[in-house]
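Counting from 44, one number per residue, gives the positions in the sequence shown under the working numbering.
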Amino acid sequence: MTNSVLTQRVTLNNGYTMPRLGLGVWKTSNTDAAQSVSQAIQHGYRLIDTAKQYGNEPGVGAGIQDGLLQTGLNRKDLFVTTKVLNDDQGYDSTLRAFEASLKQLRLHYVDLYLIHWPVDGRFIDTWRALEELYRNGQIRAIGISNFDRDRLSELLDKTSITPVINQMEFNPLNQEKDIRQLMQLAGIQLEAWSPLGGGEALNNLVITKLAAKYQRSAAQIILRWDYQQGIVVIPKSTHVKRIIENSQLGDFELSDEDVAAIQALDQGKRGLWYDDFTWHNPTNPQAIAGGIETWDDTAKFLQK
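This is the structure:
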């Protein structure tokens, strides 16, 4: 086997393709995002995932431009994802938010635009705005993030375009088996945020034993497990060594027995879910949490 993971792509339900492995930038300052995005592109990454909520779209945009400059690649060689902020949900406000994100990212289009969280009472109108942007060619694909079965079912019932992606918190300790069944029936690709599950998953005894067995890092074991299940993954790192290491998955393969051993670790243990946000309030469906990350270095990355 060769290290071909970074060149592998999955075909989405609208026929568009996306890389199987990319870089996430949650909890990353603009300075660090610019550096890690540029380095990731220089080391073969083509999928970059951000969100307005992360507060680092300007840094990501700068990193994309530098990465393209350093490699001689073109914009079309990359797959860029961003997401609608909770505060911006609704039809007209989503259209405005999209234009603002394009400016922050220094792009003319994005490959994938996601509803970040299904804000009760608003996500249907938000989706209809995404459908318009998609039909107008400003987005190559549209999807969702953090949708459970009930909200996904409602979306499918009330709208005309099926999401290509549901980006979920997914790792060995939280495998989202229930929602995955509906997604598979609808032809929706799973994309994993927090694929490494933090310290608890990385230090799990099963994972560390497999790391020793295969002479790999714990992160590589988990990411290879994701890869063998056809899941798109976007691990975050601001360290070049780890960015490179996370992509070195193509020259080993987990046995069926070892894949099953990791699957047995599922505890349905989420780090974030609806009850953690004020917008998920059945008595006040219009309550929305803002929560844009703020960074002291944002201003220097804004376009003049």
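Cβ atoms here follow ideal geometry from the backbone N, Cα and C, with glycine treated the same way. In this text the structure is predicted, and so the values were computed from the model without any measurement.
What span of residues does the beta strand (DSSP E) with residue i cover, start to end?
i: Ser-188; result: 182-188
i: Pro-62; result: 60-62
Assign residue i to one of two classes, buried (16 or more other C-beta atoms within 10 Å of its C-beta) or exposed (fewer than that).
i: Leu-228; result: exposed
i: Leu-176; result: buried
i: Glu-100; result: buried
i: Lys-126; result: buried
i: Lys-343; result: exposed
i: Glu-219; result: buried
i: Gln-132; result: buried
i: Arg-165; result: buried
i: Ser-348; result: Residue 348 lies beyond the stretch modelled for the chain, which goes from 44 to 347, so this question has no answer here.
Is residue i near residue j, with beta carbons less than 8 Å apart?
i: Ala-152; j: Ile-187; result: In the sequence as displayed, the identity of residue 152 is Tyr instead of Ala. Contact flag unset, no.
i: Gly-102; j: Ser-144; result: no
i: Pro-161; j: Asn-189; result: yes
i: Phe-213; j: Ile-274; result: yes
i: Met-211; j: Ala-184; result: no
i: Glu-174; j: Ile-204; result: yes
i: Leu-292; j: Val-48; result: yes
i: Gly-110; j: Ile-84; result: yes
i: Asp-309; j: Leu-216; result: yes
i: Leu-128; j: Gln-96; result: yes
For the alpha helix (DSSP H) containing residue i, list its first residue and its last residue.
i: Gln-78; result: 73-85
i: Tyr-270; result: 261-271
i: Tyr-134; result: 134-148
i: Ile-286; result: 283-290
i: Val-302; result: 299-306
Quick one: Cα of residue i to Cα of residue j, how far?
i: Gln-232; j: Pro-278; result: 17 Å
i: Pro-328; j: Thr-321; result: At Pro-328, the pLDDT of 49 sits below 50, so the modelled position is not reliable; the number obtained from the coordinates is stated separately. For Pro-328 and Thr-321, the distance between alpha carbons rounds to 9 Å.
i: Ala-140; j: Leu-64; result: 27 Å
i: Ile-167; j: Ala-94; result: 19 Å
i: Ala-262; j: Asn-289; result: 7 Å
i: Thr-341; j: Arg-89; result: 24 Å
i: Arg-194; j: Gln-113; result: 42 Å
i: Ile-250; j: Asp-120; result: 34 Å
i: Met-61; j: Gly-98; result: 24 Å
i: Val-123; j: Lys-201; result: 27 Å
i: Gln-272; j: Ser-298; result: 12 Å
i: Gly-334; j: Asp-135; result: 20 Å
Taking 7 Å as the cut-off, is the C-beta of residue i nearer than that to any heavy atom in the ligand GDP?
i: Leu-345; result: Absence of the ligand GDP is noted for the structure shown, with no ligands found whatsoever.
Ignoring anything shorter than 4 residues or poking outside the stretch 173-257, list the alpha helix (DSSP H) runs there in chain order. 192-201, 220-229, 241-245 and 248-257
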